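In the numbering used here, the protein residues as written are 299 to 603. A quick write-up on the structure given underneath.
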């Protein structure tokens with residue numbers, strides 16, 4: 299982990315999952331932005347702040363994925379912090395089993411899915427954030443709604459630096475993921491378009507390096523998602539009137555990208571993302587479905603079910 303200063307009052311702890319940090323001008327208040335995957339990441343982050351005599355008074359969790367709030371319980375147990383999170387996401391933070399549960403069709407998840415990557419320790423939320431300016435004493439920030447990767451993800455803008463969570467991935471990360479996790483494809487595109495046109499001094503993704511030349515990275519993210527959407531559409535067109543079962547469509551996408559899921563948890567993450575693209579195709583009339591012989595069968599909107 300590496301402690302990096304972006305500009306006055308804005309820092310981040312660079313890791314596989316970035317942890318942001320902002321401090322007020324008078325240095326009386328300091329806010330961690332996300333908490334890493336587990337307590338060890340949170341401990342290292344806090345030690346870096348303590349070594350620099352930087353305060354820890356607030357904790358903002360951008361969204362309820364375990365790799366972003368897994369270290370938060372340790373922070374809450376050991377430090378007096380005011381914890382802020384978005385609505386809906388905060389329900390999962392209080393009841394973390396909801397994450398593997400929704401990934402597993404709502405069933406009680408398999409034991410193998412109840413791991414630190416999908417189910418973080420529970421935390422309590424003191425305040426629900428909303429879009430717009432928020433202030434608390436010497437702090438004034440702007441919360442920005444960035445849904446798509448997660449249902450109600452928020453970023454935070456401070457001193458013209460946008461901590462964008464997983465609204466986009468760094469250049470070195472986006473291709474590696476092959477099929478990035480999203481829950482809503484249309485909202486994901488809308489968020490990326492918003493980020494492409496907003497004017498800030500720089501952006502920090504949840505995964506990847508800070509950039510003040512973020513537009514190229516955002517365009518690359520958009521191109522990856524457009525390519526995935528187009529690939530699915532082409533699979534359906536190629537199948538014509540035969541259609542594809544939902545499972546076969548998912549399998550075609552995974553094989554296309556040479557993805558071998560090691561377990562049901564990994565498979566569920568990819569299935570959710572692929573289904574998000576499918577929902578956009580259905581909503582746009584480019585795909586239709588029917589239930590045939592006990593299975594959902596997907597057709598191109600150009601075909602007749």
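Cβ coordinates follow ideal geometry from the N, Cα and C atoms, glycine included. As the structure is a prediction and not an experimental result, all values here were calculated from the model.
Going by DSSP, what residues sit across from residue 539 in a beta bridge?
Its beta-bridge partners do not exist; DSSP assigns none.
Using DSSP with H/G/I as helix, E/B as strand and the rest coil, what is residue 381?
strand
Which one of 342, 371, 360 and 321 has the shortest CA to CA distance from residue 354?
321
How far does the beta strand (DSSP E) with residue 588 in it reach, from first residue to last?
From DSSP, the beta strand (DSSP E) with residue 588 extends over 585-590.
Does DSSP put residue 453 in a helix, in a strand, or in coil?
strand
Can you round the beta-carbon distance between residue 331 and residue 461 to whole angstroms, since I take them to be within the 8 Å contact cut?
5 Å
If I'm right that residue 552 touches residue 568 with Cβ under 8 Å, what's the distance once you round it to whole angstroms?
6 Å
Just the C-alpha distance for residue 412 and residue 449, rounded to the nearest angstrom, thanks.
21 Å
Against chain B, with Cβ distances strictly below 7 Å, would residue 484 count as a contact?
The question asks about chain B, but that chain is absent: this structure has only one protein chain.
Between which two residues does the beta strand (DSSP E) holding residue 470 run?
Unbroken run through residue 470 is the alpha helix (DSSP H), 469-475; no beta strand (DSSP E).
Classify residue 356 as buried or exposed, calling it buried when 16 or more other Cβ atoms lie within 10 Å of its own Cβ.
buried
Rounded to whole angstroms, what's the CA-CA distance from residue 585 to residue 335? Just pull it up for me.
37 Å
Apart from the five residues just before and just after residue 514, which ones in its own chain have a Cβ nearer than 8 Å to its Cβ?
Cβ contact annotation for residue 514 (same chain, cutoff 8 Å, sequence separation greater than five): 469, in chain order.
Name, in chain order, the residues that DSSP records as bridge partners for residue 356.
Partner(s): 329 and 380.
What separation, rounded to the nearest whole angstrom, lies between the Cα atoms of residue 302 and residue 501?
14 Å
Can you grab the Cα-Cα spacing for the pair residue 410 / residue 306, in whole Å?
44 Å
When burial is assigned at 16 or more other CB atoms within 10 Å of the CB, is residue 385 buried or exposed?
Label assigned to residue 385: exposed.
I need the straight-line Cα distance from residue 421 to residue 561, nearest angstrom please.
27 Å
Are three or more beta carbon pairs between the region 344-351 and the region 388-399 nearer than 8 Å?
no
Hey, quick one: how far does the alpha helix (DSSP H) through residue 548 stretch, first residue to last?
For residue 548, the uninterrupted alpha helix (DSSP H) run begins and ends at 544-554, by DSSP.
What does a CB cutoff of less than 8 Å around residue 262 pick up in its chain, not counting 5 residues either side in sequence?
With the chain represented from 299 up to 603, any question about residue 262 goes unanswered, as that position is not in the structure.
Give me the Cα-Cα distance between residue 574 and residue 325, rounded to the nearest whole angstrom.
The straight-line gap from Cα to Cα measures roughly 43 Å.
In whole angstroms, give me the CA-to-CA distance for residue 338 and residue 425.
25 Å
By the DSSP assignment, the alpha helix (DSSP H) with residue 398 in it spans what residues?
396-401
Does DSSP classify residue 576 as helix, strand or coil?
helix
Three-state secondary structure (DSSP) at residue 434?
In the three-state reduction of the DSSP assignment, residue 434 falls in the strand class.
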